[in-house]
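Engineer:
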Amino acid sequence: MALTLVQNIGLADSATSQLTSNICEPTTAANERQLFMTGNWFASSSVNAGANWTLVDPFTKFPASAGGFCCDQVVLYNPTHRIWIWLLQYVQGSNGQNLFRLAISREASFGTWYWWDFTPSGVNSAWANNWFDYPDMAFTDANLLVTFNMFNANDQWQRAVVFRFPLATLAAGTSLGYRFWATTSNGSIRLTRGAAATMYMGSHNNASQIRVLQWPDSAAGITWKDVNVRSWSGGAYSAPGPGGVNWLGRLDSRITGAWVGAGTIGFMWSANRDGSHPLPYIRVVRMRESNKALIDEPDIWSRTSGWAYPAASSNAQGEVGFSAFYGGGTRHPGHVVGVKTATGWATALSATSTNGPPNQAWGDYVSCVRHHASPAHWVASGYTLQGGTARRNIEPRYVRFRI
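See below:
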């Protein structure tokens, strides 16, 4: 089966005001003609299916709070309630805390937002002088789930926290009740895209075991099961490209891709080279949703270039698509989308950089979600460097693809 790029759009400087970085962290989502993309310092929207994009400045769109906006963002569209959901992370204020803002825009009034703010001490008084970082966001049939790591004033990791917000209340814009769960055992918890009545989540226990957490819409709390997988390597990642530029200078092994569909739960992360893989590659683990039994580990790898920063989602048929980066050897970093087929992984480059990052850094995440107007398709975010190494040369990409 061939993979088709239905849309492959590079955003111009007018859509980002050059509020870009080679640590771009783009996410995107789509309704029908309404599209939205966020990056480390920018957001941009389209009301004509990507023909034109307009800057939505996250620094000025909302009132200043905590220490001001910066930097992580995630955007989703929920078709059941016809709402856009925009999560923004803010800087620590004078009290050592930051906040995250959960903003909602109804489809009928796209671009008009209302929101709720959450501070660590507002969630739990014992979390004063802590701050949120590294968000993830996905939804089930009934709930929106949000995850964060939390750190103290000395930037030491304290815990991971999972929030659950009722989608109906978010859509109604009324008083927002919610549940949360925290753990000091696992960090960087990644939520599955494509969840129905149960949200599944993943986090590494060690280099040969994943903790698979689950939170059914019908349950008050989280349970989990530990699943053994083939051992993999971490450490200092390297895949130098032309000129010896190592674009993987800040890569780590956190799970960044997670999906559920057609009775299968899957996780993806960046693993380091080992005896069977000459360059960093994408570890892939698939297990049965019913009992978490391991199905297979169909990794994505190459002998000539490294793979990194995967994101993944199921489509309406339960097939898995992914978004990631590929580079090293003779290649500058390129953005790739792909789909799991019966015979392997079908992939396509959306764009290849003309340069490598001068500070040897890329990441930290991209997104891949279902296209809700055409649910057999996926929508992915990515970016490349085009024509130089300055901010103006970062080109975020909106990619819609199908198999």
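In our numbering, the protein residues as written are 1 to 403. Just so it is clear, CB atoms sit at the ideal spot from N, CA and C, and this is done for glycine as well. Predicted model only: the values in this text are computed from it and were never measured.
Helix, strand or coil for Gly306? Go by DSSP, reduced to three states.
Structural biologist: Within the sequence shown, numbered from 1, the residue matching residue 306 stands at position 306. Looking at Gly306 - three-state DSSP - the assignment turns out to be strand.
Engineer: In the DSSP output, which residue or residues are listed as bridge partners for Asn52?
Structural biologist: In the sequence shown, counting from the first residue as 1, residue 52 sits at position 52. Answer is none; Asn52 lacks a bridge partner.
Engineer: By Cβ distance below 6 Å, which residues in the same chain neighbour Asn8 in space, the five residues on each side in sequence not counted?
Structural biologist: The residue labelled residue 8 in the question sits at position 8 within the sequence shown. Hits under 6 Å: Ser350, Val399.
Engineer: Going by Cα to Cα distance, which pick from Phe148, Arg303, Asn315, Arg193 is closest to Met268?
Structural biologist: Taking the first residue of the sequence shown as position 1, residue 268 is located at position 268. When only C-alpha atoms are compared, the closest one is Arg193.
Engineer: Could you check what DSSP says for Trp115 in three-state terms: helix, strand or coil?
Structural biologist: Along the sequence shown, read from residue 1 onward, the residue named residue 115 stands at position 115. Note: Trp115 maps to strand in three-state DSSP.
Engineer: Which of the three DSSP states, helix, strand or coil, is assigned to Asp133?
Structural biologist: Within the sequence shown, the letter at position 133 stands for residue 133. Three-state DSSP puts Asp133 in a strand.
Engineer: Unbroken beta strand (DSSP E) runs of length 3 or more, entirely within the region 128-187: which are they?
Structural biologist: DSSP runs (the beta strand (DSSP E)) wholly in the region 128-187: 131-139, 143-151, 157-166, 179-183.
Engineer: If we ignore side chains and look at the alpha-carbon of each, how far apart do Val369 and Ser125 end up?
Structural biologist: As a first step, residue 369 is located in the sequence shown; it is residue number 369 there, counting from the start. As a first step, residue 125 is located in the sequence shown; it is residue number 125 there, counting from the start. When rounded, the distance between both Cα atoms is 35 Å.
Engineer: Hey, out of Trp301, Ser314, Trp215, Thr304, whose CA is closest to Gly261's CA?
Structural biologist: As a first step, residue 261 is located in the sequence shown; it is residue number 261 there, counting from the start. Nearest of Trp301, Ser314, Trp215, Thr304 to Gly261, Cα basis: Ser314.
Engineer: For Leu294, which residues of its own chain have a beta-carbon under 6 Å away from its beta-carbon, when the five flanking residues on both sides are left out?
Structural biologist: In the sequence shown, counting from the first residue as 1, residue 294 sits at position 294. So the list reads Met287, once near-sequence residues are dropped.
Engineer: According to DSSP, simplified to helix, strand and coil, what is Pro216?
Structural biologist: Mapped onto the sequence shown, residue 216 falls at position 216. Three-state DSSP puts Pro216 in a strand.
Engineer: In whole angstroms, give me the CA-to-CA distance for Ser14 and Ser21.
Structural biologist: Your numbering for residue 14 matches position 14 in the sequence shown. Your numbering for residue 21 matches position 21 in the sequence shown. Straight-line Cα distance between these residues: approximately 15 Å.
Engineer: Just to confirm my understanding: we take Gly365, look at its own chain, exclude 5 residues before and 5 after, and list those with CB closer than 7 Å. What are they?
Structural biologist: The residue given as residue 365 occupies position 365 in the sequence shown. For the record, residue 365 in the displayed sequence is Tyr; it is not Gly. Cβ within range, chain order: Glu25, Thr256, Tyr309, Ala311.
Engineer: In chain order, what are the residue ranges of uninterrupted beta strand (DSSP E) at least 3 long that sit wholly in the region 256-321?
Structural biologist: 264-271, 281-288, 294-296, 306-314, all fully within the region 256-321.
Engineer: Whose C-alpha, out of Gln214, Ser46, Asn130, is nearest the C-alpha of Asn154?
Structural biologist: In the sequence shown, the residue the question calls residue 154 occupies position 154. If we check each option's Cα against that of Asn154, Asn130 comes out closest.
Engineer: Where does Arg402 sit, in a helix, a strand or coil, going by DSSP?
Structural biologist: Position 402 of the sequence shown, counting from 1, holds the residue named residue 402. Residue state, collapsed to three classes: strand.
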